[in-house]
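Enquirer: I am attaching a structure below and will ask some questions about it afterwards.
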Amino acid sequence: MPLVQQLASAEQAIQNSAQNSVVAGNLAEYGYAPARIAEGQALCDSARAARFAHEQAHAAQIQAADDCKTCWAHAAALYMRQLKIARVALQGVPGAARTLAFDGRRKQGMAGWLADARQFYSGLAAQPELAARLGEYGISEAKLA
Numbered sequence: 004m005p006l007v008q009q010l011a012s013a014e015q016a017i018q019n020s021a022q023n024s025v026v027a028g029n030l031a032e033y034g035y036a037p038a039r040i041a042e043g044q045a046l047c048d049s050a051r052a053a054r055f056a057h058e059q060a061h062a063a064q065i066q067a068a069d070d071c072k073t074c075w076a077h078a079a080a081l082y083m084r085q086l087k088i089a090r091v092a093l094q095g096v097p098g099a100a101r102t103l104a105f106d107g108r109r110k111q112g113m114a115g116w117l118a119d120a121r122q123f124y125s126g127l128a129a130q131p132e133l134a135a136r137l138g139e140y141g142i143s144e145a146k147l148a
């Protein structure tokens with residue numbers, strides 16, 4: 004039985020014992036005095052609060068994953084736009100393609116994308132003359148930062 008149903012059943016039994024003196028009397032014969040019933044209610048309340056906290060944490064985790072995907076998509080689009088411009092702006096510049104790794108296919112997945120992007124941007128940071136050439140095509144150093 005799912006946890007939600009177990010909690011609902013337990014709370015129903017606790018409410019019935021609190022509202023019906025016949026049920027409360029029968030339960031008392033089996034060791035379920037009002038104090039023990041109150042313990043059960045406290046446990047139900049605690050379980051419900053823990054379940055709610057778990058649901059909130061799970062929702063936050065899903066939101067964080069969605070936010071990460073959105074940011075990655077935005078960063079990847081910006082990187083690809085700047086990479087395409089760099090291919091044109093730095094065409095024929097000796098060593099630029101190797102330094103910035105803008106030739107060939109892009110690596111797949113987040114780790115591959117990150118490796119490509121790091122090489123591209125760290126290469127531009129290490130060779131300001133390449134970054135300056137991109138400025139002629141509308142990519143300022145501020146946009147690269």
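So the sequence shown is numbered by this note's numbering: it starts at 4 and just counts up by one. Note that the Cβ used here is the ideal one computed from N, Cα and C, for glycine as well.
What are the boundary residues of the alpha helix (DSSP H) that P97 is part of?
Expert: What you label residue 97 is simply residue 94 of the sequence shown in a count that begins at 1. Unbroken run through P97: none, as it is neither H nor E.
Enquirer: In chain order, what residues of the same chain have a beta carbon less than 7 Å from the beta carbon of R54, not counting five sequence neighbours either side?
Expert: Looking up residue 54 in the sequence shown gives position 51. Result list for R54: L6, in chain order.
Enquirer: Is Y124 helix, strand or coil by DSSP?
Expert: The residue you call residue 124 lines up with position 121 of the sequence shown. In the structure shown, Y124 sits in a helix (DSSP, three-state: H, G or I).
Enquirer: For the alpha helix (DSSP H) that R84 lies in, which residues bound it at each end?
Expert: Here residue 84 refers to the residue found at position 81 when the sequence shown is read from its first residue. Residues 37 to 92.
Enquirer: Roughly how many whole angstroms lie between the Cα atoms of K110 and G126?
Expert: Mapped onto the sequence shown, residue 110 falls at position 107. Mapped onto the sequence shown, residue 126 falls at position 123. Approximately 17 Å, taken between the alpha carbons.
Enquirer: Would you mind sorting S24 into buried or exposed? The rule is 16 or more other CB atoms within 10 Å of its CB.
Expert: If you number the sequence shown from 1, residue 24 lands on position 21. Exposed, since its Cβ has fewer than 16 Cβ neighbours within 10 Å.
Enquirer: Using three-state DSSP, classify I142 as helix, strand or coil.
Expert: Taking the sequence shown and counting its residues from 1, one reaches residue 142 at position 139. Looking at I142 - three-state DSSP - the assignment turns out to be coil, as it is neither helix nor strand.
Enquirer: So, is A89 buried or exposed, given that buried needs 16 or more other C-beta atoms within 10 angstroms?
Expert: For the purposes of this step, residue 89 is taken as residue 86 along the sequence shown, with counting starting at 1. It counts as buried.
Enquirer: Sort L103, D119, G141 by Cα distance to A128 and report the nearest one.
Expert: Position 125 of the sequence shown, counted from the start, is the residue given in the question as residue 128. It is L103.
Enquirer: Could you give the C-beta distance for I17 and G34, rounded to a whole number, given that I count them as a contact under 8 Å?
Expert: Here the question's residue 17 lines up with position 14 in the sequence shown. Here the question's residue 34 lines up with position 31 in the sequence shown. Actually they do not touch by this definition, with Cβ atoms about 15 Å apart.
Enquirer: So, do the region 131 to 147 and the region 73 to 92 have three or more beta carbon pairs nearer to each other than 8 Å?
Expert: Result yes; three or more Cβ-Cβ pairs closer than 8 Å.
Enquirer: In or out: A62 buried (at least 16 other Cβ within 10 Å) or exposed?
Expert: One-based indexing of the sequence shown puts residue 62 at position 59. Under this definition A62 is an exposed residue.
Enquirer: Please state whether DSSP places M4 in a helix, a strand or coil.
Expert: Start at 1 with the first residue of the sequence shown, and residue 4 comes out as number 1. Reduced to three states, the DSSP call for M4 is coil.
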